[in-house]
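Novice: I'd like to ask you about the structure that follows.
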Amino acid sequence: MDAKDILGLPKTAFPGNQERKSRTPKEPQRKPDGVSREVYALTGGVLPPLMPNLDPLHLKKRPIVGKEKITWQWLPFTSTARTDNLQLYHWVRVVNGVPPTGDYAFAKCNKSVDVLKYTDEEYEKHLTDNAWSKEETDKLFELCERFDLRFIVIADRFPNDRTVEELKSRYYSVLAKGGRNLETATAQFTESSKSVTPNLSLGTEVVRQPEHNMSRINFAARYNTNKMIASGRVWNEGAISLSFVQILSEKVSLAPEFKYNPIKRYATLRVGYDYKFREVGFCSLPF
């Protein structure tokens, strides 16, 4: 007899004695082949997929390739910058079997300085200097043309003992003395001007060079006082030049000059003084 008999309760089994429902045992996950036990344990039994599952709509479209067939070929070439017709080879991009034509791409970089040329008669008339012989001057201008006015290199190869400053002074003094004189000797000038005021005059200037079969017309304005000369020119090719000469003393004058070509979009600025000739030039590249 127990408490349930006394209380008149039905006899039922305790929950702890009830039979547990049978559960289907889980199949053990088998380690894939080729994966070490340590790596498999770190992944927690879940390996990343071998192929990403992405929506193709979110991917970039494959570029549409044209029908051009592009190859690279080892072809010969010549350059107009050379006078010996040297033939070299380089790799060229060929489209549809047709190689490119035209001059070598870097031939346009073959630029040199235009050095003043003079004859023996012109030298004796305009360019003589007691400190310089004609042979030294000829050698200086030859080296200036060869080394593009790199005066440090020129001084290293100059046969006589001359400093860089002496070479510069001689070169630019020849340009100052002979440049205008030689140009005037080979060119024919016809100038027509009219005075507007006692100091201001306007006019035209016709320059003809028979040797080069060239002629040009300039429109000029000039303002002149005892201590200052200012002038401006409009060239027929569209260039505009302004010059200003300030007389500082009997031997010294300051002369800045500015020239701008709006067609070629090119500008130059030159400043010089003429006691012991010095000149500085600034040049802007085409923009």
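Just so we're aligned, residue 1 is where the sequence shown starts under UniProt numbering, counting upward by one. Built from N, CA and C at the ideal position, the CB exists for glycine as well.
On the DSSP letters alone, give me the boundaries of the alpha helix (DSSP H) that Lys139 sits inside.
Specialist: That run of the alpha helix (DSSP H) goes Lys134 to Arg146.
Novice: Under DSSP, the beta strand (DSSP E) around Leu116 begins and ends at which residues?
Specialist: First-last for Leu116: undefined, no H or E at that position.
Novice: Assuming Lys139 contacts Phe158 (C-beta within less than 8 Å), just tell me the rounded distance between them.
Specialist: Yes, they are in contact, since the Cβ atoms of Lys139 and Phe158 sit about 7 Å apart, within 8 Å.
Novice: Please report the distance separating the alpha-carbon of Ile229 from that of Leu202.
Specialist: Each residue's alpha carbon lies about 14 Å from the other.
Novice: Tell me the rounded alpha-carbon separation between Glu122 and Val174.
Specialist: Cα to Cα, Glu122 sits roughly 11 Å from Val174.
Novice: Between Glu145 and Asn160, which are expected to be in contact by the criterion C-beta below 8 Å, what is the C-beta distance as a whole number of angstroms?
Specialist: Their Cβ separation, rounded to whole angstroms, is 18 Å, which puts Glu145 and Asn160 out of contact at 8 Å.
Novice: Just to check my reading of the structure: Arg94 and Leu149 have Cβ atoms closer than 8 Å, yes? What is that Cβ distance to the nearest angstrom?
Specialist: It should be noted that the sequence gives Val, not Arg, for residue 94. In fact, because the Cβ distance is near 41 Å, the residues do not count as touching under 8 Å.
Novice: What does His90 pair with, by DSSP beta-bridge criteria?
Specialist: Answer is Leu75, bridged to His90.
Novice: With a threshold of 16 other CB atoms inside 10 Å of the CB of Tyr89, please say whether the residue is buried or exposed.
Specialist: With fewer than 16 Cβ atoms within 10 Å of its Cβ, Tyr89 is classed as exposed.
Novice: Starting from the N-terminal side, write out each stretch of the beta strand (DSSP E) that is 3 residues or longer and does not extend beyond the stretch 223-271.
Specialist: Complete beta strand (DSSP E) runs here, min 3: 228-234, 240-247 and 253-261.
Novice: So who's on the other strand from Asp156, going by DSSP bridges?
Specialist: In DSSP, Asp156 forms no bridge with anything.
Novice: Which partner residues does Ser129 have in the DSSP bridge list?
Specialist: At residue 129 the sequence reads Asp, which differs from the Ser that was named. DSSP output for Asp129 lists Trp132 as bridge partner(s).
Novice: Taking the alpha-carbon positions, what's the Glu257 to Lys168 distance?
Specialist: When rounded, the distance between both Cα atoms is 20 Å.
Novice: If you draw a straight line from the C-alpha of Ser231 to the C-alpha of Ser253, how long is it?
Specialist: Distance between the alpha carbons of Ser231 and Ser253 is about 15 Å.
Novice: Can you tell me where the alpha helix (DSSP H) with Leu7 in it begins and where it stops?
Specialist: First-last of the alpha helix (DSSP H) with Leu7: Ala3 to Leu7.
Novice: When the Cα atoms are used, what is the spatial distance from Asn130 to Gln87?
Specialist: Looking at the two C-alpha atoms, the distance is approximately 49 Å.
Novice: In the DSSP assignment, the alpha helix (DSSP H) including Val39 goes from what residue to what residue?
Specialist: Start and end: Arg37 to Leu42.
Novice: What does the Cβ neighbour count give for Leu59, buried or exposed, with the cut at 16 atoms within 10 Å?
Specialist: Exposed: under 16 other Cβ atoms inside 10 Å.
Novice: Helix, strand or coil for Phe151 per DSSP?
Specialist: It is helical.
Novice: Do you know offhand how far Glu68's Cα is from Ala107's?
Specialist: So the alpha carbons of these two residues sit roughly 28 Å apart.
Novice: Nearest CA to the CA of residue 289: which residue from Leu143, Lys177 and Ala176?
Specialist: Because the chain here runs from 1 to 287, residue 289 falls outside it and cannot be looked at.
Novice: By Cβ distance, which residues of its chain are closer than 6 Å to Asp5, with the 5 residues on each side in sequence left out?
Specialist: Contacts found: none.
Novice: Do Gln73 and Val98 have their CB atoms nearer than 8 Å?
Specialist: No, the Cβ-Cβ distance between Gln73 and Val98 is not below 8 Å.
Novice: Would you call Arg62 buried or exposed, if buried means 16 or more other Cβ atoms sit within 10 Å of its Cβ?
Specialist: By the 10 Å Cβ count, Arg62 comes out exposed.
Novice: With 16 as the cutoff for other CB atoms within 10 Å, does Ile154 come out buried or exposed?
Specialist: Burial call: buried.
Novice: Could you give the C-beta distance for Ile240 and Tyr260, rounded to a whole number, given that I count them as a contact under 8 Å?
Specialist: Ile240 to Tyr260, Cβ: 5 Å. Contact.
Novice: Just how far apart, CA to CA, sit Thr128 and Asp103?
Specialist: One C-alpha to the other measures close to 44 Å.
Novice: With a threshold of 16 other CB atoms inside 10 Å of the CB of Arg170, please say whether the residue is buried or exposed.
Specialist: By the 10 Å Cβ count, Arg170 comes out buried.
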